[in-house]
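Residue numbers (the numbering used here), protein chains in the order written: chain X, -6 to 300; chain G, -16 to 340.
Virtual Cβ for every residue (Gly too), placed ideally from N, Cα, C.
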């Protein structure tokens, strides 16, 4: 059964009891009485499989209203994994972003079966490009733009690398657009599905862009890393794509790894293997079209060299 | 359902009969009690013995927990050597305590043991030297509050926790095994003197096996670290099972407890491991323990072992937890001091936690 097979009323009831949502490669058991998240949940995860009885779930999460006097004046929302709440409460109207952030936290803090990078990742065919970069580098925007121009979205924030095979594993969840990039993307990809704008979160204004149907359908199809590209948005800059040494690329990946220390030598070996199989660049850009073209050229060059 | 994790630790064959929901519950209980690594090893061991097919949805969790454990153990090995190196010029060989001692000493309680920090024991009269040497090697205290600093230095048996500036690893430096103001006084000097150097790692020591058990028990019943209570009890179970294969070990252990003044924590640990995990004990010991009656305290602890995950909570669990917390303090400090300490703690404003991202 898919989430969108249920009416809003049914989803409301199901969420009250708790429902298991398949968000490949994970299963998430979500329990909440906050029905305000249903439209966004349906828009972003409508085509995902659900299960109404409580079976196995990788993450058991819930969204709650704190039971304090404050709820009468300034309602809030809290995120729990099992019985633990990793964050402070947020204003009630940010319930949906909190679900997304909470899920990020669950994956990033516990899924040590993968080497986890704070990086965007997409693929063209079997070849994946990893975009590690700190917030503010324009990584999400670039990732969103690529995902509407023939690149298959794996994730805008969480790169999962299977250390046993060296492959990246798709986690196609909505792209979290922030501030100016919301309007940029609405203009750049008017046909894509955008949700409401959540104003004044701790990351500024945020808006979720749904992955393409193809990206969601192929959620189980992994890819081999082929490029590591460190993007940097610089206003008015001309595009430059500079080859980067492998040690530097390795350092960039390690710096952006969530569980580099936790996994010790394993993560070094995995990342070294990734970098060995990749062409590595740093990219400076200001115009999205140019950047997309540069990615297309890279992909083409790779195909030609393979022939 | 609440007993699930304990049941499985006690009787791993039960893993075979779990349904999807029970598996999920089991992993959550193990996570809540820091027994995830140990459970993962147990699951794999059962699978290796062909007594279990690990369900596909459980496998990644087992894999993740095992990798985390392996890396943590490598880190502990590494840091133990770094600590030994830092203390070498002082001529002090650090004595590793608890988890790190199990790992470096290859004790059975090392299996799947997870860590938040490392504990070491050093001679009390060299404490200042040890602290400055560790500081030079990069371990510094992050406790700014002067009262907290004084609390540790004047009354406790350890320095304020140290953390490495670059690697982020934590050390608790103990100069005694029980707080200076504690109702139980361990003969720490004697236990320190009888510590043994690890044959494969000269320069690093661990307590002798009986003392490891005595310290583990003392720690369990003195510190109010309830989320780790079941893990500590499981450590004790594994240590006792392993060493009691040696003829007369339990007798020696009981004598040693007399010598160093830790009869009470030992008796309690023996009673509890036997009751919770079915740890085998000699009949004479069981008879002796049978005469001890502490029904209320036992009930509080049995509740603490199982209530760290909500599925094991009963309505009175929070009260029981609070009573044990108060009791931990009561054991550690004489009443007048305790009143002053708790009043100060209660009146002080908690500093704002840094914003989570």
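Beta-carbon spacing of residue i, residue j below 8 angstroms
i	j	result
residue 192(G)	residue 147(G)	no
residue 237(X)	residue 273(X)	yes
residue 341(G)	residue 210(G)	Outside the displayed range of chain G (-16 to 340) lies residue 341(G), so it cannot be described from this structure.
residue 95(X)	residue 72(X)	yes
residue 71(G)	residue 157(G)	no
residue 9(G)	residue 44(G)	no
residue 186(X)	residue 15(X)	no
residue 183(X)	residue 263(X)	no
residue 85(X)	residue 68(X)	yes
residue 216(X)	residue 160(X)	yes
residue 188(G)	residue 77(G)	yes
residue 172(G)	residue 201(G)	no
residue 293(G)	residue 77(X)	no
residue -5(X)	residue 30(X)	no
residue 93(G)	residue 186(G)	no
residue 401(G)	residue 178(G)	Residue numbering for chain G in the displayed model covers -16 to 340; residue 401(G) lies beyond these limits and cannot be assessed.
residue 123(G)	residue 142(G)	no
residue 222(G)	residue 241(G)	no
Within chain G, the residues that residue i reaches when beta carbons sit closer than 8 angstroms
i	result
residue 112(X)	Those do not exist, as residue 112(X) stays about 16 angstroms from chain G at its closest Cβ, beyond 8 angstroms.
residue 50(X)	7
residue 258(X)	54, 57
Contact belief for residue i with residue j at Cβ below 8 angstroms, rounded distance in angstroms
i	j	result
residue 113(G)	residue 154(G)	In fact, because the Cβ distance is near 10 angstroms, the residues do not count as touching under 8 angstroms.
residue 233(G)	residue 264(G)	6 angstroms
residue 243(G)	residue 174(G)	6 angstroms
residue 260(X)	residue 230(X)	About 33 angstroms; that fails the 8 angstroms criterion.
residue 50(X)	residue 125(X)	Not confirmed; about 29 angstroms, so no contact.
residue 216(G)	residue 203(G)	7 angstroms
residue 47(G)	residue 103(X)	7 angstroms
residue 289(G)	residue -11(G)	6 angstroms
residue 109(X)	residue 153(X)	6 angstroms
residue 207(G)	residue 311(G)	4 angstroms
residue 271(X)	residue 218(X)	5 angstroms
residue 121(G)	residue 81(G)	Rounded, the Cβ-Cβ distance is 22 angstroms, inconsistent with contact.
Under 9 angstroms from the C-beta of residue i: neighbouring residues of chain X
i	result
residue 96(G)	Those do not exist, as residue 96(G) stays about 15 angstroms from chain X at its closest Cβ, beyond 9 angstroms.
residue 27(G)	In chain order: nothing, as chain X lies at least about 14 angstroms away.
residue 285(G)	Those do not exist, as residue 285(G) stays about 20 angstroms from chain X at its closest Cβ, beyond 9 angstroms.
residue 214(G)	Per Cβ cutoff of 9 angstroms: no residues; residue 214(G) is ~17 angstroms from chain X at best.
residue 232(G)	None at all; the shortest Cβ gap to chain X is about 35 angstroms.
Contact set between residue i and chain X, taken where Cβ atoms lie within less than 8 angstroms
i	result
residue 293(G)	75, 76
residue 40(G)	20, 49, 51
residue 62(G)	Under the 8 angstroms cutoff, chain X gives no residues; its nearest Cβ is about 12 angstroms from residue 62(G).
residue 11(G)	53, 75
Below-8 angstroms beta-carbon distance, residue i vs any chain C residue
i	result
residue 255(X)	Note that chain C does not occur in the displayed structure, where the protein chains are X and G.
Within chain G, the residues that residue i reaches when beta carbons sit closer than 7 angstroms
i	result
residue 104(X)	47
Under 7 angstroms from the C-beta of residue i: neighbouring residues of chain X
i	result
residue 43(G)	106
residue 208(G)	What residue 208(G) touches in chain X: nothing, since even the nearest Cβ is about 17 angstroms away.
At a cut of 8 angstroms, does the stretch 199 to 216 of chain X reach the stretch 253 to 269 of chain X through at least three beta carbon pairs? no
Decide if the stretch 58 to 66 of chain G is in contact with the stretch 74 to 94 of chain G; the criterion is three or more beta carbon pairs, one per stretch, under 8 angstroms apart. yes
Please specify which runs of the alpha helix (DSSP H), each continuous and at least 4 residues long, are wholly inside the stretch 18 to 51 of chain G, giving them in chain order. 19 to 31
Are three or more beta carbon pairs between the stretch 192 to 207 of chain X and the stretch 154 to 171 of chain X nearer than 8 angstroms? Yes, since at least three Cβ pairs between the stretch 192 to 207 of chain X and the stretch 154 to 171 of chain X fall closer than 8 angstroms, the two stretches touch.
Within the stretch 100 to 166 of chain X, ranges of the beta strand (DSSP E) (whole runs, at least 3 residues): Correct list: 108 to 117, 120 to 125, 145 to 148, 151 to 155, 160 to 162.
Jot down the residue ranges of each uninterrupted alpha helix (DSSP H) in the stretch 183 to 270 of chain G, minimum 4 residues, whole runs only, in chain order. 192 to 205, 212 to 226, 232 to 243, 246 to 260
On the three-pair Cβ rule with 8 angstroms, is the stretch 15 to 26 of chain G touching the stretch 90 to 101 of chain G? yes
Is it the case that the stretch 31 to 45 of chain G contacts the stretch -8 to 1 of chain G, given that we only count it when at least three CB pairs across the two stretches are under 8 angstroms? yes
Within 8 angstroms, do at least three Cβ pairs link the stretch 113 to 133 of chain X to the stretch 216 to 229 of chain X? yes
Report yes or no: do three or more beta-carbon pairs, one from the stretch 132 to 140 of chain X and one from the stretch 80 to 99 of chain X, lie closer than 8 angstroms? Taking 8 angstroms as the limit for Cβ pairs, the verdict is that the stretch 80 to 99 of chain X does not touch the stretch 132 to 140 of chain X.
So within the stretch 79 to 133 of chain G, which uninterrupted alpha helix (DSSP H) runs reach at least 4 residues, ignoring any that extend past its ends? 81 to 87, 110 to 119, 129 to 133
For the stretch 49 to 63 of chain X against the stretch 16 to 30 of chain X, do three or more pairs of beta-carbon atoms, one drawn from each stretch, fall closer than 8 angstroms, so that the two count as touching? yes
Jot down the residue ranges of each uninterrupted alpha helix (DSSP H) in the stretch 222 to 251 of chain X, minimum 4 residues, whole runs only, in chain order. 239 to 248
Can at least three beta-carbon pairs, one atom from the stretch 110 to 130 of chain G and one from the stretch 252 to 259 of chain G, be found at a separation below 8 angstroms? No contact exists between the stretch 110 to 130 of chain G and the stretch 252 to 259 of chain G.
My parser needs the beta strand (DSSP E) runs of 3 or more residues fully inside the stretch 51 to 103 of chain X; what are they? 52 to 57, 69 to 74
Quick one: which unbroken alpha helix (DSSP H) runs of 4-plus residues sit fully inside the stretch 275 to 305 of chain G? Chain order, please. 278 to 289
Quick one: complete alpha helix (DSSP H) runs, 4+ long, within the stretch 8 to 43 of chain X? 31 to 38
Going along the chain, which unbroken runs of the beta strand (DSSP E) with 3 or more residues stay wholly within the stretch 162 to 224 of chain X? 168 to 171, 191 to 194, 197 to 202
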